[in-house]
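In the numbering used here, the protein residues as written are 52 to 435.
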């Protein structure tokens with residue numbers, strides 16, 4: 052009995068020693084060049100672009116996205132050539148989400164999405180047709196370019212050669228390889244979708260929130276050697292912008308009539324008949340401001356007042372407006388991009404530059420203010 056007990060004790064000690072000496076999962080991951088892109092505890096290494104903290108939470112080493120509002124988080128760092136592995140599952144039928152690669156720092160004009168290449172994350176019940184599948188389509192969006200290896204017609208969308216995605220609530224594994232403008236996707240172990248000649252081919256990695264609850268886990272990345280690249284193939288790098296609109300409510304804003312404003316997910320709508328004002332007071336001096344505006348009728352008008360400006364900037368459907376020649380037609384989105392620390396300060400209206408007049412230091416106010424009349428929408432409100 053004593054000998055048997057001794058043998059058991061020796062075995063236990065040896066097993067413990069082997070366990071302690073054996074590499075952990077993370078060490079093994081590091082050994083093949085992959086590093087965690089999501090640490091399983093918090094969103095360190097990620098930036099909230101146009102979704103608030105409410106949209107994302109970490110629980111049991113899962114990154115859980117509520118799906119509301121529509122928008123993204125992105126990596127702190129830009130990547131050019133790399134391999135990305137992750138697991139995802141939708142928790143509701145017909146769930147929609149995506150992984151963006153080679154993306155800009157913030158969202159594009161009039162949409163809640165970045166310019167970049169999207170790897171689709173659709174739940175099977177969403178359905179398949181000639182325009183899309185639920186098994187790992189890849190496509191460029193909002194100004195990006197890509198040639199599909201397996202396309203349909205003259206489009207730029209690449210379609211999978213096999214249907215391998217599992218339905219909700221089962222897990223799926225994606226292995227995305229991005230190298231020199233070429234991209235491939237393996238779904239649950241088999242390469243199914245490919246594209247080439249992508250531009251940009253250096254940028255941020257984004258995870259998308261788009262309506263349904265989705266879980267992510269085991270997000271890992273391996274950097275590959277860089278290749279020669281032109282400036283035109285590099286996405287817009289971080290300019291320091293942060294969102295001022297949550298897409299869920301009017302947090303951070305003051306208004307005398309909340310009923311005049313409609314929270315329509317990523318769109319903030321003026322729904323009142325008369326003039327309504329929104330005001331925000333930034334905690335520090337601001338150097339830049341971006342807002343997208345869509346006039347719903349010619350009589351609509353948006354006045355924008357920012358710290359340091361002598362006069363408000365008025366956007367309207369009137370043909371006599373200072374910016375009329377640069378505005379899109381009614382019901383189309385416009386982007387206003389202010390540079391407040393330039394001398395003189397200026398605003399770009401859909402890319403066209405206009406100089407503005409600044410206030411003397413003694414008269415500078417510290418207030419961001421929208422005054423709206425008529426039917427109009429706001430989106431992509433960023434400050435730096």
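For every residue, glycine included, the Cβ atom is placed at its ideal position computed from N, Cα and C.
When C-alpha distances from residue 434 are compared across 368, 416, 336, the shortest belongs to 336. Contact check for residue 153 against residue 247 fails: the beta carbons are separated by 8 Å or more. A straight-line Cα-Cα distance of about 46 Å links residue 234 and residue 309. Straight-line measurement puts the Cα of residue 265 at about 7 Å from the Cα of residue 117.
Of the other Cβ atoms in all chains shown, 16 or more fall within 10 Å of the Cβ of residue 425; this residue is therefore buried. Per DSSP, the continuous beta strand (DSSP E) segment holding residue 387 begins and ends at 384-390.
Under the three-state reduction of DSSP output, residue 311 falls in the helix class.
Take residue 385, set aside five residues on each side of it, and the residues of its chain with a beta-carbon closer than 6 Å to its own are 344, 378, 379, 401, in chain order.
Here residue 339 is not near residue 295, since their CB atoms are 8 Å or more apart.
Remark: C-beta atoms of residue 172 and residue 245 do not approach each other more closely than 8 Å. Of the residues 146, 124, 231, 101, the one whose Cα lies closest to the Cα of residue 161 is 101. With fewer than 16 other CB atoms across the displayed protein chains lying within 10 angstroms of its CB, residue 416 is exposed. Secondary structure in the stretch 143-210: the beta strand (DSSP E) runs of 3 residues or longer, each lying completely within the stretch, are 147-154, 167-173, 189-192, 196-199 in chain order.
Nearest to residue 192 by C-alpha distance, out of 175, 164, 185, is 164. Of all alpha-carbon atoms in 346, 207, 157, 133, the one lying nearest the alpha-carbon of residue 271 is that of 133. Here residue 375 carries a helix assignment [DSSP, helix/strand/coil]. Inter-residue distance for residue 291 and residue 255 is about 14 Å (C-alpha atoms, whole angstroms). Exclusion of the five residues before and after residue 241 leaves 213, 215 as the residues of its chain whose Cβ lies within less than 7 Å of its Cβ.
Rounded to the nearest angstrom, the gap between the Cα atoms of residue 373 and residue 279 is 43 Å. Taking 8 Å as the cut-off, the Cβ atoms of residue 124 and residue 151 do not count as close.
The Cβ neighbour count for residue 408, taken over all protein chains shown within 10 Å, is under 16; the residue is labelled exposed. Leaving aside the five residues that flank residue 406 on each side, the residues in its chain whose CB is nearer than 8 Å to its CB run, in chain order, 395, 396, 397.
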